[in-house]
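Notes follow once the structure below has been shown.
2 protein chains.
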Amino acid sequence: MRISTKGRYALRLMLDLAVNDNGEPVSLKDIAKRQEISDKYLEQIISVLNKAKFVKSIRGAQGGYLLSRRPEAYTVGMILRLTEGSLAPVACVEEDGSCERMQGCAANMVWRKLNDAVNGVVDEITLADLVDFAKRDIGEYMI
Amino acid sequence: MRISTKGRYALRLMLDLAVNDNGEPVSLKDIAKRQEISDKYLEQIISVLNKAKFVKSIRGAQGGYLLSRRPEAYTVGMILRLTEGSLAPVACVEEDGSCERMQGCAANMVWRKLNDAVNGVVDEITLADLVDFAKRDIGEYMI
DNA sequence: GCTAATTCCTATTGACACAGTATGAATACG
DNA sequence: CGTATTCATACTGTGTCAATAGGAATTAGC
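The following block contains the structure:
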């Protein structure tokens with residue numbers, strides 16, 4: 001039931017972009033330094049975010065990345081699902097017909113409830129909420 | 001965020017034992033047949049349940065397994081944590097000091113909420129609830 | 001135009017977990 | 001004794017994770 005580093009880093013990356021947004025593009029190297037994450041690994045992750053148009057990139061010297069929408073427009077769920085893939089605890093919760101024992105499977109109830117609980121959390125928290133939290137409760141903009 | 005087959009099979013196994021309990025030990029072969037799971041793989045899984053005294057075993061011919069407590073005494077969380085290991089989405093949620101960036105990590109809030117949501121589900125459902133559900137809503141005792 | 005900084009793209013790697021299979025020993029009922 | 005069963009351990013193929021590596025393409029600033 002772990003969230004992999006890919007999803008975790010993606011969230012921190014987006015949060016870093018949101019917090020350090022001043023209109024200028026933010027370079028990946030800076031993010032990597034602040035977040036203490038391998039920049040080469042971050043490259044792969046931001047490439048996914050870029051292809052999904054979650055961020056926009058500016059190439060060349062003084063280039064970097066910017067959020068393409070306001071922080072309120074991203075839920076944690078959007079970011080995690082994009083980078084992690086599905087958050088469902090088992091396949092049968094979302095793919096119809098992935099399990100022919102489905103009708104008659106009591107365990108299925110557990111998975112559905114788990115799925116709902118997880119979605120309930122990640123789809124309710126936006127990047128803006130996290131920025132608020134970081135600024136208010138943490139003070140410094142550490143992420 | 002997947003639950004592996006180990007945890008899933010363990011839950012079905014325990015449920016099968018609960019549903020098919022008539023005082024006599026239930027052989028693993030029968031469970032494997034009903035659940036359509038490799039009996040050799042189930043052996044490994046039940047060995048974990050056995051060592052944790054979740055089931056008791058009776059060796060030799062006509063042997064098998066029995067739940068060692070009443071179904072109400074097992075939560076889904078107990079079974080999944082035993083077989084899957086921790087259900088926490090990230091290590092920092094449960095191990096103090098596993099992340100030195102913790103204070104100041106806004107993302108941490110997400111992980112804590114996720115953890116609470118997951119625990120809220122799995123620790124509230126007991127094996128007895130699943131047995132009820134199977135008998136009432138499903139009719140046949142398929143699992 | 002040149003250089004340096006940056007994004008972009010693809011391949012490779014080592015470690016580990018997953019999902020079983022395989023083999024045989026120990027035990028106990030009839 | 002023979003058969004059914006649990007118990008213990010080792011092995012294996014596949015895939016994912018978490019990077020690392022190398023270089024191509026692009027662009028700002030001098």
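Chains A and B supply the protein sequences, listed in that same order.
For what it's worth, the working numbering labels the leading residue of the first sequence as 1, then goes sequentially.
For what it's worth, the working numbering labels the leading residue of the second sequence as 1, then goes sequentially.
Heads up, the beta-carbon is just placed ideally off N, CA and C, and yes, glycines get one too.
Using three-state DSSP, classify A:G120 as helix, strand or coil. helix
Where does the unbroken beta strand (DSSP E) through A:S57 begin, and where does it stop? 55-58
Range covered by the beta strand (DSSP E) that runs through B:G104: That residue, B:G104, is in no beta strand (DSSP E); it is neither H nor E in DSSP.
Does the beta-carbon of A:M102 have 16 or more other beta-carbons within 10 angstroms, so that it is buried, or is it exposed? exposed
Using only CA atoms, which one of A:M78, A:D137, A:G120, A:A107 lies nearest to B:C105? A:D137
Please identify the residue among B:Y9, B:A128, B:L114, B:D16 whose C-alpha is closest to the C-alpha of A:G77. B:L114
Compare the C-alpha of B:L13 against each of B:D116, B:G23, B:D30, B:A52 and name the closest. B:D30
Partner residues on chain B for A:K113, Cβ-Cβ distance less than 7 angstroms: V121
Out of curiosity, what's the CA-to-CA distance linking A:R59 and A:D129? 30 angstroms
What runs of the alpha helix (DSSP H), each 4 residues or longer, lie entirely inside the segment 63-88 of chain A? 76-84
Can you list the residues of chain B that A:V110 reaches, using a CB-CB cut of under 8 angstroms? L11, V76, V121, V122, I125, L130
Please classify A:Y41: is it buried, with 16 or more other beta-carbons within 10 angstroms of its beta-carbon, or exposed? exposed
Where B:I87 meets chain A, residues with beta-carbon distance less than 7 angstroms: Note that residue 87 of chain B is Leu in the sequence shown here, rather than Ile. M1, listed in chain order.
Segment limits, alpha helix (DSSP H) that includes B:N20: No alpha helix (DSSP H) contains B:N20, which DSSP labels as neither H nor E.
Residue burial classification, A:A52 (beta-carbon count within 10 angstroms, cutoff 16): exposed
How far does the alpha helix (DSSP H) with B:S47 in it extend, from its first residue to its last? 39-51
Members of the segment 22-54 of chain A that neighbour chain B once the beta carbon cut-off is set at 7 angstroms: none
Classification of B:N108 by the beta-carbon crowding that lies within 10 angstroms, buried from 16 upward: buried
Determine which residues share a DSSP beta bridge with B:T126 and list them. B:T75
Quick check on A:A117 - is its C-beta less than 9 angstroms from some C-beta in chain B? yes
When you compare only the Cα positions, how much space is there between B:Y141 and B:N22? At B:Y141, the pLDDT of 49 sits below 50, so the modelled position is not reliable; the number obtained from the coordinates is stated separately. Near 14 angstroms, if we compare the C-alpha coordinates of B:N22 and B:Y141.
Go through its chain and collect everything with a Cβ distance to B:K56's Cβ below 6 angstroms, but skip five positions before and after it. L66, S68
Quick check on the burial criterion: 16 or more other C-beta atoms within 10 angstroms. Buried or exposed for B:A88? buried
So what does DSSP say about B:V26, is it helix, strand or coil? strand
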